[in-house]
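Novice: Chains as they are written, first to last, in the working numbering: chain A, 590 to 845; chain B, 126 to 377. Every residue, glycine too, gets a C-beta built ideally from N, C-alpha and C. Structure in structure tokens, see below.
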Amino acid sequence: MADTSSLLARFRPLLFLAALLLFWEIGVPLLGIPGYVLPLPSAIATRFMETASIQLQGLAVTGMTTLVGLALALVFGVLLALAVIYVPVLRSLVMPLLAAFNSIPKIAVAPLFVIWFGLGVESKIILAFLLALFPVFVNSLTGLGEIEADVIDLSTLAGGSRWRIFTKVRLMNAVPYITDALKVAFPLALVGSIVGEFIGGNSGIGHLILFGQFNMDTPLVFAALVSITVFTTLGIGAVSLFERMALTWRPSQRRR
Amino acid sequence: MSASLIVENLSKTFGSTLAIDQASFSVPENSFVSIVGPSGCGKSTLLRIAAGLVRASSGRINLRGQEVTGPIRDVGMVFQAPVLLPWRTTLDNILFVAEMGGLRAADYEGRARELMALAGLSGFEESRPFELSGGMQQRAAICRAMLLKPSLILMDEPFGALDVITRERMGFALQTLWEESRNTVLFVTHSITEAVLLSDIVVVMSPRPGRIHDIVEIDLPRSRTTATLRDPRFVAFAARVREGIEAGETEY
Ligand SMILES: Nc1ncnc2c1ncn2[C@@H]1O[C@H](COP(=O)(O)OP(=O)(O)OP(=O)(O)O)[C@@H](O)[C@H]1O
Ligand SMILES: [Mg+2]
């Protein structure tokens, strides 16, 4: 009995989704909504299968710019946090600048990046990077910086050099903060890539969506959205999997 | 017995508040010395100065003939909280000080396991701190402080966060560990019973500004047990320490 109920609990979200799709498939025609406004799930699925190879090509491009942007954000976010922690002067210089910078809606200045970096992948990578940078930086700052004074004293008295304290204390403490940041930064980087593709260029999922809109091919637009959703889910799933395997000591990951 | 730690005319001011006023005492080699005194009399500050983590405003501290001017490496520290790293196993937490000192952790694993056994932690080597009780975590912290056989171990109310029953057991566990290692220990506590039971010497401090009011030598035989608590001499020592604290409180 316990087995069936836990199985049911596990598949409950899927069952709910299936019910929703069924409702959509049957309900929308009854309401008289035309297919070019809200296509039926079956039409979206058909279009998805028809365009599978284009979808994959688009995802490869968008996925690449997203992941490269994210990786750059990870490296520079952590380095920037380190600089601010170890060089206190930088804190008063960098922090207000970064706060001001973060308040600029980067989507609004995206056209500028296209002017500066062209229609190729560079402008998309930079947009993805800039959108992902802030959460990585802020969380790294907390994870690397907020170490109990007693831990630092203990390490110092044991003869710990700055480098050893960094690798064995600060970095280890920061890992869960950074994985948390990645879960937020990943979809943001994706937004950066897709907005870049909207503004200029001729490849990627963003381009595919624009193409669908241009041709009033609503099922194609929805099919592209499905591709993105699958991609994001896989990406965040990978981070969560890492957390579950490597961060078993975290309160949220403990099995009681 | 030669002195390991010598504190001479030590004063410390924070801004305009005088936290410690002209404290002098010494800790003989391989002895267990306690500091008792009311909250805020500067006990933690004194320990931090002894460790070289904080500079004194005036006066001197000598450890084995060397003046303390900066953080000293040859010292073990136990805080009121266990301060274990949550991502490390208990064994690895104890070995942490070896790694920080640039030593090969593997060389100290045997000793770490021995200490864990003495502290009643056998079988918990691979457990994470959150799987241990508060008392067990604090015992692990004591093992960690003893791992490298430092010339001085400083303990700042290590049992302060524990309940009375656990606290008493911890006192005896500490005695067992200490009798094995005979490290020089400077131990801060609020508990008069704990101080008298564990120590060779009890330093009594008075509050605001922290002054040394009395120094009591406890020459009760070791190992001490619960029976010691009923020994008339133990009761007399405890009474003298209490008098010292109370006199110090009304004096100023
Ligand atoms: N960093 C600091 N800056 C300013 N004042 C401080 C600082 N550290 C300690 N003090 C002051 O020095 C005095 C002694 O503090 P300390 O923490 O050493 O007391 P304590 O005896 O350990 O007290 P408790 O038993 O409550 O732990 C207190 O009046 C405290 O306010
Ligand atoms: Mg204190």
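So threonine 731 of chain A contacts chain B; which residues on that side make the cut at Cβ distance below 9 Å?
Specialist: Simply none; closest approach about 16 Å.
Novice: At 8 Å on the CB atoms, spell out the chain B contacts of arginine 753 of chain A, in chain order.
Specialist: Glu224, Met225 and Gly227
Novice: Taking 7 Å as the cut-off, is the CB of histidine 338 of chain B close to at least one heavy atom of ligand 1?
Specialist: Histidine 338 of chain B: no, Cβ never under 7 Å from ligand 1.
Novice: Quick one: which residues of the region 184 to 202 of chain B get their C-beta closer than 8 Å to a C-beta of chain A? List them in chain order.
Specialist: Pro196, Ile197, Arg198, Val200, Gly201 and Met202
Novice: State the CB to CB distance for the pair serine 782 of chain A and threonine 651 of chain A, rounded to an integer number of angstroms; the pair is presumed to be in contact (CB under 8 Å).
Specialist: 5 Å
Novice: Is the region 177 to 194 of chain B touching the region 155 to 163 of chain B, taking contact as three or more C-beta pairs under 8 Å?
Specialist: no
Novice: Go to histidine 796 of chain A, then tell me how far its alpha helix (DSSP H) extends in each direction, as first and last residue.
Specialist: For histidine 796 of chain A, the uninterrupted alpha helix (DSSP H) run begins and ends at 794 to 803, by DSSP.
Novice: What is the residue span of the alpha helix (DSSP H) that lysine 274 of chain B lies within?
Specialist: From DSSP, lysine 274 of chain B is part of no alpha helix (DSSP H); its letter is neither H nor E.
Novice: Is the shortest distance between the beta-carbon of phenylalanine 831 of chain A and the beta-carbons of chain B less than 8 Å?
Specialist: In terms of beta-carbon proximity, phenylalanine 831 of chain A stays away from the interface with chain B, with every pair separated by 8 Å or more.
Novice: Check the Cβ-Cβ distances between arginine 253 of chain B and every residue of chain A, and say whether any is below 8 Å.
Specialist: yes
Novice: Give the range of the beta strand (DSSP E) segment to which proline 153 of chain B is assigned.
Specialist: 142 to 153
Novice: Mind checking the region 595 to 617 of chain A against chain B and listing, in chain order, the residues whose C-beta falls within less than 8 Å of any C-beta there?
Specialist: none
Novice: Express the C-alpha separation of isoleucine 131 of chain B and leucine 188 of chain B in angstroms, rounding to a whole number.
Specialist: It is roughly 7 Å from the alpha-carbon of leucine 188 of chain B to the alpha-carbon of isoleucine 131 of chain B.
Novice: Less than 8 Å separating the beta-carbons of proline 628 of chain A and proline 808 of chain A?
Specialist: yes
Novice: Kindly identify the DSSP beta-bridge partner or partners of isoleucine 186 of chain B.
Specialist: Its beta-bridge partners are B:Val132.
Novice: Could you please go through the chain and list the residues whose beta-carbon is closer than 5 Å to any non-hydrogen atom of ligand 1?
Specialist: B:Phe139, B:Ala144, B:Ser164, B:Gly165, B:Cys166, B:Gly167, B:Lys168, B:Ser169 and B:Thr170
Novice: Only counting the same chain, and skipping five residues up and downstream in sequence, which positions put a Cβ closer than 8 Å to that of leucine 799 of chain A?
Specialist: Glu786 and Phe787
Novice: Given a limit of 8 Å on CB to CB distance, which residues of the region 714 to 738 of chain A reach chain B?
Specialist: Glu737
Novice: To the nearest angstrom, report how far apart leucine 701 of chain A and asparagine 804 of chain A are at their CA atoms.
Specialist: 28 Å
Novice: So is the beta-carbon of glutamate 282 of chain B under 7 Å away from any non-hydrogen atom of ligand 2?
Specialist: Glutamate 282 of chain B Cβ: within cutoff of ligand 2.
Novice: Look up serine 159 of chain B in the DSSP assignment and give the residues it is bridged to.
Specialist: B:Phe312 and B:Val327
Novice: Would you kindly work out how many angstroms separate the C-alpha atoms of valine 764 of chain A and serine 681 of chain A, rounded to a whole number?
Specialist: Note on geometry: alpha-carbon atoms of valine 764 of chain A and serine 681 of chain A lie some 25 Å from one another.
Novice: With distances taken Cα to Cα, identify the nearest neighbour of alanine 361 of chain B among B:Glu342, B:Ser348 and B:Arg347.
Specialist: Of B:Glu342, B:Ser348 and B:Arg347, the smallest CA-CA separation from alanine 361 of chain B is found for B:Glu342.
Novice: Where threonine 350 of chain B and threonine 138 of chain B are concerned, what is the direct C-alpha to C-alpha distance, given to the nearest angstrom?
Specialist: Cα-Cα distance, rounded: 40 Å.
Novice: Quick one: Cα of glycine 167 of chain B to Cα of arginine 358 of chain B, how far?
Specialist: 29 Å
Novice: Show which residues of chain A have a CB atom less than 7 Å away from the CB atom of proline 211 of chain B.
Specialist: Against chain A, the beta carbon of proline 211 of chain B has neighbours under 7 Å at Trp838, listed in chain order.
Novice: Across which residues does DSSP place methionine 280 of chain B in a beta bridge pair?
Specialist: B:Val203 and B:Phe312
Novice: Nearest-angstrom Cα distance between leucine 830 of chain A and aspartate 217 of chain B?
Specialist: In a straight line, the C-alpha of leucine 830 of chain A is about 25 Å away from that of aspartate 217 of chain B.
Novice: For my contact list, alanine 176 of chain B and proline 153 of chain B are in at a C-beta cut-off of 8 Å; report their separation, rounded to the angstrom.
Specialist: No, alanine 176 of chain B and proline 153 of chain B are not in contact; Cβ-Cβ is about 19 Å, not under 8 Å.
Novice: Drop a sphere of 10 angstroms on the beta-carbon of phenylalanine 249 of chain B, count the other beta-carbons inside from all chains shown, and report buried for 16 or more, exposed for fewer.
Specialist: It counts as buried.
Novice: I'd like to know whether the C-beta of leucine 746 of chain A is nearer than 8 Å to at least one C-beta of chain B.
Specialist: yes
Novice: When the Cα atoms are used, what is the spatial distance from isoleucine 174 of chain B to leucine 135 of chain B?
Specialist: 9 Å
Novice: Can you confirm whether lysine 757 of chain A, when its beta carbon is compared against all beta carbons of chain B, has any partner nearer than 8 Å?
Specialist: yes
Novice: What is the rounded straight-line gap between the Cα of valine 773 of chain A and the Cα of glycine 666 of chain A?
Specialist: 14 Å
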